[in-house]
Amino acid sequence: MPCKAFMTAYELEDMIVEQASSLRGPWPERMTLFVFDDAYGWSASVSRPEFDDDLRYRATALNIVTQL
228 MPCKAFMTAY ELEDMIVEQA SSLRGPWPER MTLFVFDDAY GWSASVSRPE
278 FDDDLRYRAT ALNIVTQL
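For what it's worth, this note's numbering labels the leading residue of the sequence shown as 228, then goes sequentially.
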């Protein structure tokens, strides 16, 4: 997937959700993904999981974040 030099937080969030959804199914409604610009570039955070399935989904999303 080609990447633009500059992306908005919304574009990055959509990309992360899309990739995680392709691996784990629909994004859990009870989980929140935060993508924000900080002084060093982009940072992302995923809300804490409530269930074991959410834990695996969160781990997948955070793995995608580290790859980007």
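Virtual Cβ for every residue (Gly too), placed ideally from N, Cα, C.
Limits of the unbroken beta strand (DSSP E) element including residue i
| i | result |
| --- | --- |
| A271 | 268-273 |
| F261 | 260-265 |
Secondary structure of residue i, DSSP reduced to three states
| i | result |
| --- | --- |
| L295 | coil |
| R285 | helix |
Closest residue to residue i among the options (Cα-Cα distance)
| i | options | result |
| --- | --- | --- |
| T235 | A271, F278, R251 | A271 |
| V262 | N290, T287, D281, E238 | E238 |
| P257 | L282, Q294, Y267, D264 | Per the sequence shown, the amino acid found at residue 257 is Arg instead of Pro. Closest by alpha carbon: L282. |
| G252 | Y267, W269, T287, L295 | T287 |
Buried/exposed call for residue i, threshold 16 Cβ in 10 Å
| i | result |
| --- | --- |
| L250 | exposed |
| Y284 | buried |
| L260 | buried |
| A247 | buried |
Limits of the unbroken alpha helix (DSSP H) element including residue i
| i | result |
| --- | --- |
| R251 | 236-251 |
Open item on the list: With a threshold of 8 angstroms, are at least 3 pairs of Cβ atoms found where one atom belongs to the stretch 238-248 and the other to the stretch 275-283?
Closed with: no
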